[in-house]
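Contents: one structure, followed by commentary.
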Amino acid sequence: MSSSIDFDVEKIRKDFPILDRVIEGKRLVYLDSAATSQKPSQVIKAITNYYEQYNANVHRGIHTLSEEATAAYEAVRETVREFIDARETCEIIFTRNTTEAINLVAYSWGKQNVLPGDEIVLSPMEHHSNLVPWQQLAAEREAKLVYLDLTEDGQINMETAAQLIGPKTRLVAITQMSNVFGTINPVKELAQLAHKNNAVILVDGAQGIPHLKTSVADLECDFYAFSLHKMLGPTGVGILWGKKALLEAMPPFMFGGDMISSVHRDKTRFNELPWKFEAGTPNVADVIASGVAVDYLKNIGMDKVRAHEIEITRYAMQKLSEIKDIVIYGPLDATKRGGVVSFNINGLHPHDLGQILSDNGVAIRAGHHCCQPLMKDLKVMGTARASFYIYNTLEEVDMLLAALKEAEKVMGHVACR
Amino acid sequence: MSLADDLYRETILDHYHNPRNNGSIDNASATVEGVNPLCGDELTLYLKLTPSGLIEDVKLTAHGCSINTASGSMMSEAILGQSVERAQKIIEDFKTMMLTKEDETVFEDELEELEALRGVKKYPVRIKCALLPWNTLLEGIETARQAQAK
Ligand SMILES: Cc1ncc(COP(=O)(O)O)c(C=O)c1O
Chain A
1230 MSSSIDFDVE KIRKDFPILD RVIEGKRLVY LDSAATSQKP SQVIKAITNY
1280 YEQYNANVHR GIHTLSEEAT AAYEAVRETV REFIDARETC EIIFTRNTTE
1330 AINLVAYSWG KQNVLPGDEI VLSPMEHHSN LVPWQQLAAE REAKLVYLDL
1380 TEDGQINMET AAQLIGPKTR LVAITQMSNV FGTINPVKEL AQLAHKNNAV
1430 ILVDGAQGIP HLKTSVADLE CDFYAFSLHK MLGPTGVGIL WGKKALLEAM
1480 PPFMFGGDMI SSVHRDKTRF NELPWKFEAG TPNVADVIAS GVAVDYLKNI
1530 GMDKVRAHEI EITRYAMQKL SEIKDIVIYG PLDATKRGGV VSFNINGLHP
1580 HDLGQILSDN GVAIRAGHHC CQPLMKDLKV MGTARASFYI YNTLEEVDML
1630 LAALKEAEKV MGHVACR
Chain B
60 MSLADDLYRE TILDHYHNPR NNGSIDNASA TVEGVNPLCG DELTLYLKLT
110 PSGLIEDVKL TAHGCSINTA SGSMMSEAIL GQSVERAQKI IEDFKTMMLT
160 KEDETVFEDE LEELEALRGV KKYPVRIKCA LLPWNTLLEG IETARQAQAK
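Below is the structure:
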């Protein structure tokens, strides 16, 4: 089955060696890209090439290898800047992942700016990594966490948001796209509400940027955090983008080598942006390979990525909704959501589903998706979640459906106790 | 399919669909909660001991997967009416079975059913599901004993 849009899935699939893997005698159907995406051979080769050709430490050697490594590493900053439409390259800070990027803001900006009585506004659909740091900060600073309301279909209730974000709000922390519902949040409107109240907005882009054309300027946000491993890049690289004025005013988060400009026995002058926030030897190889991942997406075009995912998601939602006793979470309209579909089939625990699907070669995620408070709201222990990316096909959705039928057969479909 | 033959064998599915000793105890000697952080599965275990240390009643409220629920159900049958010492021995044997690579644990006739869970070992992430009720029981026994000692 081929896609109706101008997008050659089969050609793309050839770039992903792992998709040839056979599991339990069946070809792998990878539907867990929201957890981490697979990597094209271009990215994998960039890592090998670095170690085979120009491995050296960056920012220090005066030899060819170090110069090459530094140039390649720093070039990725510009690649990323362009990809997210940031104004300046020095606003791009390399971290290990989204979680570290958010913690950087919580520790550095948060401790300086959040005062007793202030409010931190977040949504109930936040990933633990955009929730726990704020919860901890709030406890330490005697600030208050305020949760936005959700509608029945997992969208932010913007009417109450206008009340909940107010003069006491210091920070709004919100995910661009939910990793459970797939909901694409109205970040720009929330940013405007935040700014009207002199608050700052941090956007968790971990699920957004891999799938949606993203401009931090258009989103009007102040901080934007994401992980390269969810967008074809290797693990171990995240990005924190922040507005220069904010970043410049923030104290370093970690101390040591690379983040200094001069060190004396009793005092230190810190380096300038972005290195001020990059203490120690960075993850050079994976940053360089991350640049290749971004180029790969850019070459396809994010509009096409999105169109492909809407098509698959729409097809999957339609097929899944034909299953008896299924509950699908989040917005029903595929254009309002990303390629993440969470569901429960009455009487089948997601863990059991995941296991039986795996034995059919189908990889999905089952569990709380690092969103335990949300699971409590939904009154479930967890959900099953299929997520799609550029290399998935409609045929794979059919294979998911077939595996679900098998699971129902094995478990003896019974009403939930 | 492999799972149909072992992991979800009839015994497990039977206990999953009809868990024994499901419910709660009003004046329990101990009430403890167990959580599997991996998947968020929760269970509450209620334990009632006689002054002489017999397990007079045990009840479980589980919202878990088949392995978790079945394991709890089988456990409750295995320990009901037993002395605490005997229950502890059963727990130990069960954990040895689940955690030892090529274990040779043999349960006596009336506990034979427990061996159905051995198949779970093929799925390392799910060993935790099977162990959750047992670890919760250990905690429950401890809590109940402390309460009695007071
Ligand atoms: C919405 C969202 N935020 C944050 C994260 C955390 O990303 P990482 O584990 O790479 O820090 C994830 C990943 O699961 C996510 O889906």
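Chains as they are written, first to last, in our numbering: chain A, 1230 to 1646; chain B, 60 to 209. Ideal Cβ positions, reconstructed from N, Cα and C, are used throughout, including at glycine. Since the structure is predicted, the reported quantities are computational estimates derived from the model, not experimental observations.
Using three-state DSSP, classify residue i as helix, strand or coil.
i: Met60 (chain B); result: Note that Met60 (chain B) has pLDDT 37, beneath the 50 cutoff, so the model's placement of it is unreliable and no number is given.
i: Ile1438 (chain A); result: coil
i: Glu101 (chain B); result: strand
i: Ser1519 (chain A); result: helix
i: Tyr182 (chain B); result: coil
i: Met1628 (chain A); result: helix
i: Ser1233 (chain A); result: Its pLDDT being 47, under 50, Ser1233 (chain A) is placed unreliably in this model, and the coordinates cannot settle the point.
i: Leu1257 (chain A); result: coil
i: Thr1542 (chain A); result: helix
i: Asp1487 (chain A); result: coil
i: Phe1506 (chain A); result: helix
i: Thr1318 (chain A); result: helix
i: Ala189 (chain B); result: helix
i: Leu1351 (chain A); result: strand
i: Val165 (chain B); result: coil
i: Lys252 (chain B); result: The requested residue 252 (chain B) does not occur in the structure, where chain B is confined to residues 60 to 209.
i: Leu1577 (chain A); result: strand
i: Thr195 (chain B); result: helix
Closest to residue i by CA distance: which of the options is it?
i: Leu1260 (chain A); options: A:Tyr1620, A:Ala1631, A:Val1639; result: A:Tyr1620
i: Tyr1280 (chain A); options: A:Val1429, A:Gln1421, A:Val1570, A:Ile1517; result: A:Ile1517
i: Gly99 (chain B); options: A:Lys1255, A:Thr1612, A:Lys1638, A:Ala1632; result: A:Thr1612
i: Thr70 (chain B); options: B:Ala208, B:Lys187, B:Thr202, B:Glu174; result: B:Glu174
i: His1537 (chain A); options: A:His1440, A:Gly1486, A:Ser1456, A:Lys1473; result: A:His1440
i: Glu167 (chain B); options: B:Tyr182, B:Ala89, B:Ile149; result: B:Ile149
i: Leu1461 (chain A); options: A:Gln1405, A:His1424, A:Ile1241; result: A:Ile1241
i: Tyr182 (chain B); options: A:Thr1308, A:Ser1456, A:Ile1585; result: A:Ile1585
i: Asp1588 (chain A); options: A:Lys1255, A:Lys1417, A:Lys1243; result: A:Lys1255
i: Cys1450 (chain A); options: A:Leu1400, A:Met1483, A:Gly1485; result: A:Leu1400
i: Lys160 (chain B); options: B:Ser130, B:Ser132, B:Val179; result: B:Val179
i: Asn1426 (chain A); options: A:Lys1417, A:Thr1398, A:Ala1563; result: A:Thr1398
i: Pro1579 (chain A); options: A:Val1272, A:Met1604, A:Glu1388, A:Asp1495; result: A:Met1604
i: Ser1550 (chain A); options: A:Ile1291, A:Asn1284, A:Ser1295, A:Leu1630; result: A:Leu1630
i: Thr128 (chain B); options: B:Glu115, B:Leu102, B:Pro110; result: B:Leu102
Can a CB atom of chain A be found closer than 9 Å to the CB of residue i?
i: Gly99 (chain B); result: yes
i: His74 (chain B); result: no
i: Arg177 (chain B); result: no
i: Ser125 (chain B); result: yes
i: Tyr182 (chain B); result: yes
i: Arg79 (chain B); result: no
i: Arg145 (chain B); result: no
i: Met60 (chain B); result: Here Met60 (chain B) scores only 37 on pLDDT, less than 50, and its place in the model should not be relied on; the value that follows carries that caveat. True, the Cβ-Cβ gap to chain A drops below 9 Å.
Does any C-beta atom of chain B lie closer than 9 Å to the C-beta of residue i?
i: Pro1345 (chain A); result: no
i: Gly1641 (chain A); result: yes
i: Arg1646 (chain A); result: Model confidence at Arg1646 (chain A) stands at a pLDDT of 32, short of 50, so the residue's coordinates are unreliable; what they give is reported in the following sentence. True, the Cβ-Cβ gap to chain B drops below 9 Å.
i: Gln1436 (chain A); result: no
i: His1356 (chain A); result: no
i: Gly1611 (chain A); result: yes
i: Gln1365 (chain A); result: no
i: Pro1353 (chain A); result: no
i: Pro1579 (chain A); result: yes
i: Ala1595 (chain A); result: yes
Go to residue i, then tell me how far its beta strand (DSSP E) extends in each direction, as first and last residue.
i: Tyr1376 (chain A); result: 1373-1376
i: Thr1380 (chain A); result: First-last for Thr1380 (chain A): undefined, no H or E at that position.
i: Gly93 (chain B); result: 89-95
i: Ile120 (chain B); result: First, the residue type needs correcting, since residue 120 (chain B) is Thr and not Ile in the sequence shown. It spans 114-121 - the beta strand (DSSP E) in which Thr120 (chain B) sits, taken as one unbroken run.
i: Asp1433 (chain A); result: 1429-1433
i: Ala175 (chain B); result: Segment: none, Ala175 (chain B) is in no beta strand (DSSP E) and carries neither H nor E.
For the alpha helix (DSSP H) holding residue i, just list the boundary residues, first then last.
i: Asp152 (chain B); result: 143-158
i: Tyr75 (chain B); result: 69-76
i: Tyr1453 (chain A); result: No alpha helix (DSSP H) holds Tyr1453 (chain A); the beta strand (DSSP E) holding it covers 1452-1456.
i: Asp1606 (chain A); result: 1601-1607
i: Glu1239 (chain A); result: 1238-1243
i: Phe1312 (chain A); result: 1293-1313
i: Thr1277 (chain A); result: 1270-1278
i: Lys1417 (chain A); result: 1416-1425
What in chain E is Cβ-close to residue i, meaning under 7 Å?
i: Met1604 (chain A); result: The question asks about chain E, but that chain is absent: this structure's protein chains are A and B.
Original post:
Any chance the segment 1593-1608 of chain A sits against the segment 1353-1366 of chain A, with 3 or more Cβ pairs inside 8 Å?
Top reply: Short answer: they touch.
Original post:
Counting pairs of beta carbons, one from the segment 1471-1480 of chain A and one from the segment 1563-1576 of chain A, are three or more of them closer than 8 Å?
Top reply: They do not touch, by the three-pair rule.
Subject >> Inter-stretch contact at 8 Å, needing at least 3 Cβ pairs: the segment 1336-1354 of chain A / the segment 1367-1374 of chain A >> reply: In short, these stretches touch, since the Cβ pair count reaches three.
Original post:
If you pair each beta-carbon of the segment 1326-1338 of chain A with each one of the segment 1293-1313 of chain A, do three or more pairs fall below 8 Å?
Top reply: No: fewer than three Cβ pairs fall under 8 Å.
Original post:
Counting pairs of Cβ atoms below 8 Å between the segment 132-139 of chain B and the segment 71-81 of chain B, do you hit three or more?
Top reply: By the Cβ test, the segment 132-139 of chain B is in contact with the segment 71-81 of chain B, since at least three Cβ pairs between them sit closer than 8 Å.
Subject >> Sufficient close CB pairs (3 or more, under 8 Å) joining the segment 1309-1316 of chain A to the segment 1414-1428 of chain A >> reply: Contact fails: fewer than three Cβ-Cβ distances are below 8 Å.
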